[in-house]
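Using the numbering used here, the letters of the sequence shown correspond one by one to residues 28 to 547. Remarks on the structure that follows.
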Amino acid sequence: MVRENMISEIQKTNLEWDVVIVGGGASGLGAALEAVTRGMKTLLLEQDDFTKGTSSRSTKLVHGGVRYLAQGNISLVLEALRERGLMKQNAPHLVKDQSFIIPSYKWWVKPYYTLGLTVYDFMAGRLGLGRSLPYSRKRTLKYIPTLKQKNLRGGVVYHDGQFDDARYGINLCQTFVENGGTAINYMKVVGLNKANGKISGVAAIDGETGNRIDIKAKVVINATGVFVDDIIKMDAPKSRDIVCVSQGVHLVLDKEFVPNDYAIMIPKTDDGRVLFAVPWHNKVVVGTTDVQKEIAELEPRALEEEIDFILETAGRFLAKEPKRSDVKSVFAGLRPLAAPTGEGKKTKEISRGHKIYTSDAGLITITGGKWTTYRQMAEEVVDAASKVSLYPIKKSVTRNMPIHGWKKNVDLTDPLYFYGADSEKILALAKENKDLAKYLSKDLGIIKAQVVWAARHEMARSVEDVLSRRTRALLLDARESARIAPEVAQLLAKELGFDSNWEADQVEKYRTLALRYVLD
């Protein structure tokens, strides 16, 4: 994961890649690992940082989709439940069991959801995480004492997975590189090259130097999420848009609002979605919303009505109603939904299934889907790419492949637990240099060694890379992350060989960004 080495690799003359993947989110990283482990010479290019967009802004759930079961989308639920089990098996340091309680304030809630969730458990089979059961009022309050008690009849417990999305993406990228792949962030694809009407490669601009590089490829996979239409139009300018963009917003609160390890699930809200309050890194993530957006952007902003909706809905179920002043961070993500052909369909009604398209010129595009099903999506898109490039379709080997950092029994009280096996190496760095053992933020459990590790081994190139995705400081407490930005910049500049002007510029950029995650 050394960027300079990767750049040297793509500058080799007359080198033709079996596959070039555009996009470094869940879909692109999954496809890259799938391709390289089938023996294809694989290059992944990301215009910003790995998982910068949608893939670092999820509800942090690895789930089959209880809501999709209610919609009757059985095939998607079955696929997601299987993949949920495989994600936990292949990355136990990042994916853990999470117990959810649906609070019952009406007589029918317990029997109705117990029955439905028992079906959910049955569908998971041997990859299930636990039985769904009705809970008494007393037991419900034992596990979530912060629920409003008036008219509470009890609850229903069920089990799903919870994870760290950006960390999973970084570890996927490391696994890809360890298997012989080449991955480069801050490398924007600006054009598709063609020979005899067929795509023969891409033109890319290095975001750090401004240099243009032409790269030859037998096949190109477009896995750019909400930006897939931009790449499609490089191939065929008159193509119709195939993505419908939907925004989801989350608020991060102190742990006091949901103090135990149980999460809350509200199955029916005013906008027809479900609302989750999920423990995550000693905070609570509450969301989400579903608002259609006309324009895709790298840094989407939460709308006031989305923030109000989450606070108001959460306040109806929590004894202490959260206020704007309680919000540590607010983040928005955009979902790339496969656009329906019919008119007037609301985004919450559009299937979360994925679609794969092959253009006349051979561009492969994947859109839709969700984090949980990334590996299955990767299998299918690499099969499609193999057909276009005439590369023999080989059997996938990713189903039982451990992800970088694999460690079975992690101590969740350890602030470095999500590094898995790498945590010992980070502590060794801190032991080597006592200054690196010092806290940058005691509240968030971040030490200086994590910044050095991110620069040396995780291709972090900016303060934002470190504080938003290598650690999760920006999402957990935006103000605290801005406070430690100068020290992070200093450590990064030393590691990457940048000067004091770069440091000052980075701190200013980061603090401007962090303000967007803070509620006034």
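Backbone N, C-alpha and C define an ideal beta-carbon position, used for all residues, glycine too. Note that the coordinates shown come from a computational prediction; the quantities given were computed from them, not determined experimentally.
- In the same chain as Glu43, and ignoring 5 residues on each side of it, the C-beta atoms closer than 6 Å to its own belong to Lys243, in chain order.
- Per the Cβ contact rule, the stretch 281-300 is not in contact with the stretch 245-262 (fewer than 3 Cβ pairs under 8 Å).
- If only complete runs of 3 or more residues are kept, the stretch 141-228 shows the beta strand (DSSP E) at 160-162, 181-190, 209-211 and 214-222, in order along the chain.
- Contact between Asp191 and Leu113 is ruled out by a C-beta separation of about 17 Å, above the 8 Å threshold.
- Counted as a single uninterrupted DSSP element, the stretch harbouring His431 is not any alpha helix (DSSP H), since DSSP gives it neither H nor E.
- At least 8 Å separates the beta-carbon of Thr392 from that of Val415.
- A Cβ-Cβ distance of about 11 Å is found for the pair Val478 and Leu523, leaving them out of contact under the 8 Å criterion.
- Contact check for Lys465 and Lys475: beta-carbon distance about 6 Å, within the 8 Å limit, so the pair qualifies.
- Within the model, the alpha-carbon separation for Met292 versus Leu174 is close to 12 Å.
- When Cβ pairs closer than 8 Å are counted between the two stretches, the stretch 138-153 is seen not to touch the stretch 459-473, the count staying below three.
- In the DSSP assignment, Gly342 falls outside any beta strand (DSSP E) and within the unbroken alpha helix (DSSP H) covering Glu331 to Gly342.
- Remark: C-beta atoms of Ser495 and Leu502 approach each other more closely than 8 Å.
- In terms of Cβ geometry, Leu278 and Ile334 form a close pair [threshold 8 Å].
- About 17 Å separates the beta carbon of Lys458 from that of Ala448, a gap too long to meet the 8 Å contact definition.
- Distance from the CA of Arg180 to the CA of Lys133, rounded to the nearest whole angstrom, comes to 7 Å.
- In the three-state reduction of the DSSP assignment, Trp307 falls in the strand class.
- Nearest to Gly208 by alpha-carbon distance, out of Thr399, Gly389 and Met67, is Met67.
- Membership of His120 in any alpha helix (DSSP H) is not indicated, and neither H nor E is assigned to it by DSSP.
- Going by DSSP, Leu278 is part of the beta strand (DSSP E) stretching over Val270 to Asp281.
- Here Ala448 carries a coil assignment [DSSP, helix/strand/coil].
- Between the alpha carbons of Leu105 and Val93 lies a distance of about 11 Å.
- Between the stretch 47-65 and the stretch 74-82, the count of C-beta pairs closer than 8 Å reaches three or more; the two stretches touch.
- Under DSSP, Lys320 shares a beta bridge with Val272.
- For Ser356, the beta-bridge partners assigned by DSSP are Val279.
- Among the bridge pairs identified by DSSP, Thr385 is matched with Ile391.
- The Cβ atoms of Ser159 and Trp398 do not sit closer than 8 Å to each other.
- Within the DSSP bridge table, the entry for Glu73 names no partner.
- If the five residues before and after Arg166 are omitted, its C-beta is found closer than 6 Å to no C-beta atom of its own chain.
- Exposed is the label assigned to Phe149, since fewer than 16 other Cβ atoms lie within 10 Å of its Cβ.
- Fewer than three Cβ pairs drawn from the stretch 297-317 and the stretch 195-203 lie within less than 8 Å of each other, which leaves the two stretches out of contact.
- C-alpha of Arg488 to C-alpha of Thr145: approximately 46 Å in a straight line.
- Short of 7 Å from the beta carbon of Gly234, and not among the five residues preceding or following it, lie these beta carbons of its own chain, in chain order: Tyr213, Met214 and Lys215.
- DSSP, reduced to helix, strand and coil, places Ser468 within a strand of the structure shown.
- Straight across, the Cα-Cα distance linking Leu96 with Arg111 is about 15 Å.
- DSSP, reduced to helix, strand and coil, places Ala405 within a helical segment of the structure shown.
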